[in-house]
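Visitor: What follows is a structure written as structure tokens; I'll ask about it next.
There are 2 protein chains.
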Amino acid sequence: MPSFGERLATAFNGRGHVCLGIDAHPFLLEQWALTDTAEGLRTFGLRAVEAASGVVGIVKPQIAFFERHGSAGYAALEDVLGAARAAGLLVIADVKRGDIGSTIDAYGEAWLTPGSPLEVDAMTLVAYQGVGSLAGPLDRARANGKGAFVLAATSNSEAFPVQSAVLQTGAQHRSTVAAGIVEEVHAINAGDPLGSVGVVIGATVSFDDYGIDQGLLASTPILAPGFGEQGAVLASLPQLYGTAADNVIANLGRSVLKAGPDGLRGALQHEVDELARALAA
Amino acid sequence: MPSFGERLATAFNGRGHVCLGIDAHPFLLEQWALTDTAEGLRTFGLRAVEAASGVVGIVKPQIAFFERHGSAGYAALEDVLGAARAAGLLVIADVKRGDIGSTIDAYGEAWLTPGSPLEVDAMTLVAYQGVGSLAGPLDRARANGKGAFVLAATSNSEAFPVQSAVLQTGAQHRSTVAAGIVEEVHAINAGDPLGSVGVVIGATVSFDDYGIDQGLLASTPILAPGFGEQGAVLASLPQLYGTAADNVIANLGRSVLKAGPDGLRGALQHEVDELARALAA
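Here the protein sequences come in this chain order: A and B. Just so you know, we're using the numbering used here here: the first sequence kicks off at 214 and counts up by one. Just so you know, we're using the numbering used here here: the second sequence kicks off at 214 and counts up by one.
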């Protein structure tokens, strides 16, 4: 069974580094002439998958928008996840789950178990309770050929004080919180050309502000929000991520989704080509 | 409309400080002679609500166990939440959601909006992206008479390095991450006898290790995991939380749930009485 890292490398080689963020904002539903209902979200997600198929290799549904509609929203989500996986897309559930013990195990079971209703290829995780608290889903990911992305340095400015705080104890003491997570994930991926546990580092942040060593990202996939509406431009990706640029998944949501259901495919292709040129330069 | 803090104070006065954690661990489902299915979880949750009703004032369903079963699990959860609220229990959804902008707004909408399928009285939140990133659900809570609990110092040992890291910037610089969150929440609750934004501080941690000032918790509800199976005892609650003891919600899960569906009510009553004695002493 190929690992998630191996499957991600294949996706990079075949379809490039752009990921479509399936973000069913109420304003986009309206623009796409859909209702803000579970049924509207289902249609939105299925059309987004259709547009992404054959153009990008990765999609990232934002689960919060489905959760607004409770169990009916989750039923719509199941259909969207199934369609995306059937289309051969790598699916990253943006759920930002974090907890401890049997509870975080349950979240891992929900998203990273073959055959489960919400099965995806990878999920996002939050390590406020320590990277060690995430051992359950990280072990499960490895066993099942699945992946995970742990939030490190995110793209929003309110995050900076917490993520740049300095650890006083533990194996990463004197590192910032974000750099400590990068170090712990590096150790998990050691030995793999591209590992199965990634980190989230926003395209709007500076590595230096957190003391993050790009050399420790050599085997680590990087999920990168911040492009498009949040201000970063794809052409700058090689400068922003330096030696780690080839491991970056560049997420695009609103900035391409606003092209509408008929324009989305073309908008995505344009971005894929632009990023490929930038990475080849 | 009474605020969440006012409703919590009423619950404390009427039924004491114990909260039943509705934790549908697979091993408990088996012990309760239920299947590990959405239907089994529905029955587990409804029986737990029945046992809690009239004995405690607060329940805290752990959402992860429902999420394992996808949309069917969420449909079961909706029934459990509805039954709990109909029984007059304050319901805290333990979801530990955290994100930014319109995404965290969507989570707040899902759980803290009157009439939404997953409506509860309060939800748990994670501030890895900064307390400022949680403004959406915190504002929504205030507007709707709802509440929230932000993780500060949790009960698991792997959490200590991150939560004791020292902030280098921002209004709380030089505080630890956990103490900074306590300070920010204190400012939000200022002026209320008991505020509507709480923090999570485990019963297994020492305030001194994080530099948390108990005086800044005078108006802040404290959700306290760590009692029972995790090792802390209810009789020690006044010593553990000091001047903030009267604001504590003492969560009990496995340690009472293992009494089985018929023994749960009696086990809960025993703990309620024990804690009332300890707080009165």
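We treat Cβ as the ideally placed atom computed from N, Cα and C, and that holds for glycine.
Does B:E397 pass the burial test, meaning 16 or more other C-beta atoms within 10 Å, or should it be called exposed?
Guide: As a working mapping, residue 397 of chain B is identified with position 184 in the second sequence. Label assigned to B:E397: buried.
Visitor: Taking C-beta to C-beta, are B:G415 and B:A366 nearer than 8 Å?
Guide: On the second sequence, residue 415 of chain B is found 202 positions in, with the first residue counted as 1. On the second sequence, residue 366 of chain B is found 153 positions in, with the first residue counted as 1. Yes, the pair counts as a contact, with Cβ atoms nearer than the cut-off.
Visitor: Kindly say whether B:A472, judged by its beta-carbon, lies nearer than 8 Å to any beta-carbon of chain A.
Guide: For the purposes of this step, residue 472 of chain B is identified with residue 259 of the second sequence, where counting begins at 1. Cβ-Cβ to chain A under 8 Å: no for B:A472.
Visitor: In the DSSP assignment, what are the bridge partners of A:I235?
Guide: If you number the first sequence from 1, residue 235 of chain A lands on position 22. Answer is A:P274.
Visitor: With 7 Å as the C-beta to C-beta threshold (strictly closer), list the residues of the stretch 475-487 of chain A near chain B in chain order.
Guide: If the cut-off is 7 Å between Cβ atoms, the stretch 475-487 of chain A has nothing near chain B.
Visitor: Compute the Euclidean distance between the alpha carbons of B:G253 and B:L247, then round it to the nearest angstrom.
Guide: By 1-based counting over the second sequence, the position of residue 253 of chain B is 40. By 1-based counting over the second sequence, the position of residue 247 of chain B is 34. One C-alpha to the other measures close to 5 Å.
Visitor: Against chain B, which members of the stretch 236-268 of chain A pass a CB distance test of less than 7 Å?
Guide: Of all residues in the stretch 236-268 of chain A, H238 have a Cβ within less than 7 Å of some Cβ in chain B.
Visitor: Under 8 Å, do B:V412 and B:T433 count as touching if we go by C-beta distance?
Guide: Here the question's residue 412 of chain B lines up with position 199 in the second sequence. Here the question's residue 433 of chain B lines up with position 220 in the second sequence. Going by C-beta atoms, B:V412 is nearer than 8 Å to B:T433.
Visitor: In or out: A:T456 buried (at least 16 other Cβ within 10 Å) or exposed?
Guide: One-based indexing of the first sequence puts residue 456 of chain A at position 243. Counting Cβ neighbours within 10 Å, A:T456 comes out exposed, since fewer than 16 surround it.
Visitor: In terms of DSSP beta bridges, what is B:I305 paired with?
Guide: Here residue 305 of chain B refers to the residue found at position 92 when the second sequence is read from its first residue. Paired residue(s): B:A335.
Visitor: Where do the ends of the alpha helix (DSSP H) carrying B:I313 lie?
Guide: Locating residue 313 of chain B in the second sequence gives position 100, counting from the first residue. First-last for B:I313: undefined, no H or E at that position.
Visitor: Using alpha carbons as the reference points, say which of A:S388, A:L450 and A:G283 lies closest to B:V379.
Guide: Residue mapping note: residue 379 of chain B aligns to position 166 of the second sequence, counting from 1. Ranking A:S388, A:L450 and A:G283 by Cα distance to B:V379 puts A:S388 first.
Visitor: Drop a sphere of 10 angstroms on the beta-carbon of A:M214, count the other beta-carbons inside from all chains shown, and report buried for 16 or more, exposed for fewer.
Guide: Stepping through the first sequence from its first residue, residue 214 of chain A is reached at position 1. Flag for A:M214 reads exposed.
Visitor: Residue range of the beta strand (DSSP E) that A:A463 falls in?
Guide: What you label residue 463 of chain A is simply residue 250 of the first sequence in a count that begins at 1. Looking at the DSSP string, the run of the beta strand (DSSP E) that includes A:A463 is V461 to L465.
Visitor: Do you know how far the Cα of A:A300 is from the Cα of B:S419?
Guide: Numbered from its first residue, the second sequence carries residue 419 of chain B at position 206. Numbered from its first residue, the first sequence carries residue 300 of chain A at position 87. Rounded to the nearest angstrom, the two C-alpha atoms are 51 Å apart.
Visitor: Tell me whether the beta-carbon of A:P451 lies closer than 8 Å to the beta-carbon of A:L492.
Guide: Start at 1 with the first residue of the first sequence, and residue 451 of chain A comes out as number 238. Start at 1 with the first residue of the first sequence, and residue 492 of chain A comes out as number 279. Contact: yes.
Visitor: Taking 7 Å as the limit between beta carbons, can you name the residues of its chain near B:G349, skipping five residues before and five after?
Guide: Numbered from its first residue, the second sequence carries residue 349 of chain B at position 136. Taken in chain order, the residues that qualify are I317, D318 and G321.
Visitor: Could you have a look at A:S216 and say whether DSSP puts it in helix, strand or coil?
Guide: Taking the first sequence and counting its residues from 1, the one referred to as residue 216 of chain A is at position 3. Of the three classes helix, strand and coil, the one that applies to A:S216 here is coil, per DSSP.
Visitor: Which residues in the same chain have their Cβ closer than 6 Å to the Cβ of B:A198, if we skip the five residues on either side of it in sequence?
Guide: The shown model of chain B, from 214 to 494, leaves out residue 198 of chain B, and the question about it has no answer.
Visitor: Compare the beta carbon distance of A:P274 and A:G258 with 8 Å and say whether it is the shorter of the two.
Guide: On the first sequence, position 61 is the one that residue 274 of chain A refers to. On the first sequence, position 45 is the one that residue 258 of chain A refers to. Their beta carbons are under 8 Å apart, which means A:P274 touches A:G258 by this criterion.
Visitor: Please decide whether B:A374 counts as near chain A, where near means a Cβ-Cβ distance under 8 Å.
Guide: Looking up residue 374 of chain B in the second sequence gives position 161. Residue identity differs from the one stated: residue 374 of chain B is Pro in this sequence, not Ala. Output row for B:P374: interface = yes.
Visitor: Which value, in whole angstroms, describes the spacing of the CA atoms of B:S579 and A:E291?
Guide: Since the first residue of chain B shown is 214 and the last is 494, residue 579 of chain B is not available in this structure.
Visitor: Kindly say whether B:R298, judged by its beta-carbon, lies nearer than 8 Å to any beta-carbon of chain A.
Guide: The residue given as residue 298 of chain B occupies position 85 in the second sequence. Output row for B:R298: interface = no.
Visitor: Could you round the C-beta distance between B:I313 and B:V272 to whole angstroms and report it? I think they count as a contact, below 8 Å.
Guide: Position 100 of the second sequence holds residue 313 of chain B. Position 59 of the second sequence holds residue 272 of chain B. Not really, about 29 Å apart at Cβ, beyond 8 Å.
Visitor: Would you report the Cα separation of B:E487 and B:A448, rounded to the nearest angstrom?
Guide: Here residue 487 of chain B refers to the residue found at position 274 of the second sequence. Here residue 448 of chain B refers to the residue found at position 235 of the second sequence. If you take the alpha carbons of B:E487 and B:A448, they lie about 7 Å apart.
Visitor: Please state the DSSP three-state secondary structure of B:A222.
Guide: Here the question's residue 222 of chain B lines up with position 9 in the second sequence. The answer is helix: DSSP assigns B:A222 an H, G or I state.
Visitor: For B:L290, report the span of its alpha helix (DSSP H) as first-last.
Guide: In the second sequence, counting from the first residue as 1, residue 290 of chain B sits at position 77. Note, B:L290: alpha helix (DSSP H), G283 to A299.
Visitor: Give me the residue from A:L338, A:L470 and A:A494 with the minimum Cα distance to A:A261.
Guide: Counting from one through the first sequence, the residue named residue 261 of chain A turns up at place 48. The residue with the shortest Cα to Cα distance from A:A261 is A:L470.
Visitor: Give the residues of chain B in contact with A:Y341, contact being defined as C-beta atoms less than 9 Å apart.
Guide: To locate residue 341 of chain A, count along the first sequence from 1; it is residue 128. Residues of chain B passing the Cβ test: K309, G311, V339, A340, Y341, L364, T367, A372, V375, Q376 and V390.
Visitor: Quick one, which residues of the stretch 393-405 of chain A are near chain B if we go by CB-CB under 9 Å, in chain order?
Guide: So the list reads G393 and I394, given in the order they occur along the chain.
Visitor: What in chain A is Cβ-close to B:T316, meaning under 7 Å?
Guide: Looking up residue 316 of chain B in the second sequence gives position 103. Chain A residues near B:T316: Q275 and A277.
Visitor: Say whether chain B places a C-beta atom closer than 8 Å to the C-beta of A:A463.
Guide: Translated into the one-based positions of the first sequence, residue 463 of chain A becomes position 250. Closer than 8 Å: no.
Visitor: By the criterion of Cβ-Cβ separation under 9 Å, what are the contact partners of B:A288 in chain A?
Guide: Translated into positions along the second sequence, residue 288 of chain B becomes position 75. Within 9 Å Cβ-Cβ: G283, S284, A285, Y287 and A288.
Visitor: CB B:V395 to CB B:L436, shorter than 8 Å?
Guide: Working through the second sequence from its first residue, we reach residue 395 of chain B at position 182. Working through the second sequence from its first residue, we reach residue 436 of chain B at position 223. Result no, Cβ atoms of B:V395 and B:L436 do not sit closer than 8 Å.
Visitor: Can you check whether the C-beta of A:G328 is within less than 8 Å of a C-beta belonging to chain B?
Guide: Looking up residue 328 of chain A in the first sequence gives position 115. Chain B contact via Cβ: absent.
Visitor: Find the residues of chain A that neighbour B:V379, judging by a C-beta separation of less than 8 Å, and give them in chain order.
Guide: Indexing the second sequence from 1 puts residue 379 of chain B at position 166. Near B:V379 (Cβ distances below 8 Å), the residues of chain A are A378, V379 and Q381.
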